[in-house]
Structures are given as C-alpha cells and as structure tokens.
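J.:
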Amino acid sequence: MRSGIKIIAGPCSAESRQQVLDTAKALAGLGVDVFRAGVWKPRTRPGMFEGVGAKGLQWLEDVRNETGMEVCCEVATPEHLNQALDSGIDILWVGARTTADPFAVQALADEIKRIPSSSVSGTADGNQKTSRVSMEDLVVMVKNPINPDVELWAGAVERFKNAGVKDIWLVHRGFSSYDTGIYRNLPLWHIPIEMKRRFPEIPLFCDPSHMGGKQQLIAPISQQALDLMYDGLMIECHCNPDQALSDKTQQVTPLQLEKILNQLQIRENVQDQQSLESFRSRIDSLDESLFRILSERMEVSRRIGQYKQQRNMPVLQSKRYSEIVENRSDLAESIGLDREFAKSLMEIIHKESVKVQLDQRNPKD
Ligand code: PEP
Ligand code: MN
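Here my numbering is used: the first residue of the sequence shown is 78, the next is one more, and so on.
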C-alpha cells in the first residue's frame, strides 16, 4: 500500500505521557504522517473518561519533537482552540458532535477570524499573542456531523472557509442511527461522495475506527474508502488497546496497523480507471432509462387521476396500494433485489403519484 495515501493514526485519547510516546514512536516507525490523540473527549454519557485536558498537549508536543510527525487533537470550544494552537498543535479536528452544532462551529470560526494572519493564536480576553502555527499553515479537519445531514457538514466547511482557513480536510466517520447493523456508525457513502462533488479540492479521509466500532472492520472499511478514491485514513491505534480508557474495542496495536496497511490495495492503475469509466457510462445510461420509465409511469398515473376525478373516486385507494407494495417486493426479490429497498422505492414513487393526482384536483393557480 502507501503511495500518496495520508495516514493519521494514534489513540482515541491521550492517557499518559508514556502511552502517548510509546504509541507514537511505534507509529513513526511505520511512516504514519500525522499522530492523533484526543485530550478533551466528548462523551455521550457522564462519568466516562473525559480526557486528561490541556496537560496532554505537552505530550503531543513531545511527540512532535521526538518523532517529527505532525500532531492533531480535537477542539470543541474557542478555549480548546487557543490552548491547542499555543502548544504548537499542527492540525485541529472538529468532532462529529461539534459539527452538528452550528453555534459551536461558528464560535470556533469566529475565534480563528480574530487571529492575525501572521500568528494564529489569540486569547479569550482579546489580547493577541504569538503562536508557533501561522494562519497559512493552519489545517482544520471537519468530521461529519453525527446525523446524516450533508447541509450541516457543508455548512461547517463554509463557516471555516469564511473565517479564512485555507486548508480544510473532511473526515468521514459514519452516522448515528438507532439501527446501525454491523457498524457503530452507518457509512452512508453517498453523503461523503456528495461532499466531494461539492468540494472537489478538499481532501477526504475515512475514519474506519468510529465507523466500524471494532478492530475487525477496520481493514474492509479502509479498503472500501480507498476503492472510492479517498485521500487518506484516520485510524485509532493504541500501544495497549485492552487497557484503553476510551473506545477500546476499535483500537488496534501498531503491529496490527502495520498488517492492515500492508494488505490495503490502492486502485490507481490506468486499466482500473478505464473500466471504472466504462461502468460509469453504463450507470449514466441506465439512470437515463430509469427516469424515462418513471416519467412514463407518472403520465399513466395522471390519466388514472383524471379517471378517478371524473367518477368522484378518492385519490388514495389503500387496498390497491398495499397490493402494489407486496407484489413489487415479491417481484424485486425474485430478480435479486433487496425486498426492503423495493418497498422504500415503491413508497417514494407512490407518494409522488398521489401528489400528482392531488395537484390535478387542486391546481395552484
Ligand atoms: C475521536 O476521534 O476520538 C472522536 C471522538 O471522534 P468523533 O467525533 O468522530 O466521534
Ligand atoms: Mn475515539
């Protein structure tokens, strides 16, 4: 593997100087680009390990000095931001819970705006002071919001762009849901793909650790991300995962990480790219047929609407609707499609047909 893929790795949380340094030295040996560790941990429930706080920043600084790796940590408030930058943290990351809160994101963006371009740090009371990171070098990673809302994610990017941050990276860590199946957070790959469409210049990372929630899922999720041409991976790695104070089931040892990275394949040869293009054009033309058929179906539905209206029949015939959903789900299943998918699709199509028929009865103008 390697070749152009950026790897960010390190523990979920900084727990002690020894744990941070032991993990970092092993990771530097693997050629990891950026070392991560949270010092302020946003925990869903109170009473869990909430991080060591600002004292952990010094350990990250030690990592930087002793290994040469860049270091990053999560910031959620202007105070965190200032403390992190004063300690020479190279890259800041905005966590999933923070991205979901426009007030918190704006507060961070406003704090960045107050910083003169030659020095990034300011203090909460408004006095400027010099920092080791300049505005030109500032990198802000924006994790996806916990809820599957592309606008919130895009909104956070825009707030940082408007504040003058030139280097923004996206981190896809999956989305909360009541039912997440095998995942801790649902991937919903179409959301980061939409972000890439909107912000093609912004590098996209995948965080398979928070997405999968378990060690065994890190390799397959990472491979999927590379197949989708992601620019890098953020992987939680701890020198002793069994003893980790947070997210222990999803952290791997540096040795395990090395094995995972060695197995990953980068799809970048021209042959692959060409067959990808031909698959894409087939998809384009299938989508076109799909929409033509939908338009034809809608036309028939319009005629049915006129028929019902002339005979004073109600638009919604629930018996017919249930039969359609059942029957189409059977049909879909018999040709290898997922039953639930067919059901949801029929629901959307039927909803639109009902809307078309109702609009016919009550024209707006
Ligand atoms: C983390 O990276 O440790 C973290 C808390 O991430 P997220 O905001 O994705 O939950
Ligand atoms: Mn974590």
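Beta carbons: idealized from backbone N, C-alpha and C, even for Gly.
Would residue 337 pass as a contact of residue 299 if the rule is Cβ separation under 8 Å?
T.: Contact flag set, yes.
J.: By a C-beta neighbour count over all protein chains shown, 10 Å radius and 16 as the cutoff for buried, is residue 267 buried or exposed?
T.: Under this definition residue 267 is an exposed residue.
J.: Under 8 Å, do residue 292 and residue 320 count as touching if we go by C-beta distance?
T.: Cβ atoms of residue 292 and residue 320: not closer than 8 Å.
J.: Quick one: give me the first and last residue of the alpha helix (DSSP H) that residue 288 is part of.
T.: Run containing residue 288: 285-289, per the alpha helix (DSSP H) assignment.
J.: Hey, is residue 267 close to ligand 2, as in C-beta under 7 Å from one of its heavy atoms?
T.: Checking every heavy atom of ligand 2 against the Cβ of residue 267, none is found closer than 7 Å.
J.: Please indicate yes or no: does the CB of residue 89 lie closer than 7 Å to some heavy atom of ligand 2?
T.: It does: the Cβ of residue 89 is within 7 Å (strictly closer) of some heavy atom of ligand 2.
J.: What does a CB cutoff of less than 7 Å around residue 161 pick up in its chain, not counting 5 residues either side in sequence?
T.: If we look at residue 161 and ignore the five residues flanking it on each side, its Cβ neighbours are 134, 150, 152, 169.
J.: Going by the CB atoms, is the gap between residue 221 and residue 250 shorter than 8 Å?
T.: Yes.
J.: Taking the alpha carbon of residue 246 as the point to measure from, which residue in 429, 283, 265, 229 has its own alpha carbon closest?
T.: When each option's Cα is compared against that of residue 246, the closest is 283.
J.: So, helix, strand or coil for residue 313, using DSSP?
T.: Three-state DSSP puts residue 313 in a strand.
J.: Within its chain, find whatever has a CB closer than 8 Å to the CB of residue 106; leave out the 5 residues flanking it on each side and keep chain order.
T.: Excluding sequence neighbours, residue 106 sits near 331.
J.: Classify residue 403 as helix, strand or coil using the three-state DSSP reduction.
T.: Reduced to three states, the DSSP call for residue 403 is helix.
J.: Does the distance from the CB of residue 375 to the CB of residue 430 come in under 8 Å?
T.: The answer is yes: Cβ separation under 8 Å.
J.: With distance defined between alpha-carbon atoms, name the residue in 233, 274, 225, 275 nearest to residue 253.
T.: Nearest option by C-alpha distance: 225.
J.: Considering only the beta carbon of each residue, do residue 148 and residue 91 sit closer than 8 Å?
T.: Contact: no.
J.: Could you tell me if residue 159 is buried or exposed, where buried requires 16 or more neighbouring beta carbons within 10 angstroms of its beta carbon?
T.: By the neighbour-count rule (16 or more Cβ atoms within 10 Å), residue 159 is buried.
J.: In whole angstroms, give me the CA-to-CA distance for residue 353 and residue 304.
T.: Rounded to whole angstroms, residue 353 to residue 304 spans 11 Å at the Cα level.
J.: Hey, how far is the Cα of residue 218 from the Cα of residue 259?
T.: Rounded to whole angstroms, residue 218 to residue 259 spans 26 Å at the Cα level.
J.: Let me confirm a value: residue 384 is counted as buried when at least 16 other C-beta atoms fall within 10 Å, else exposed. Which label applies?
T.: The residue in question, residue 384, is exposed, as its Cβ has fewer than 16 Cβ neighbours within 10 Å.
J.: Ligand 1 heavy atoms versus the CB of residue 157: any closer than 7 Å?
T.: No, Cβ of residue 157 sits at least 7 Å from all heavy atoms of ligand 1.
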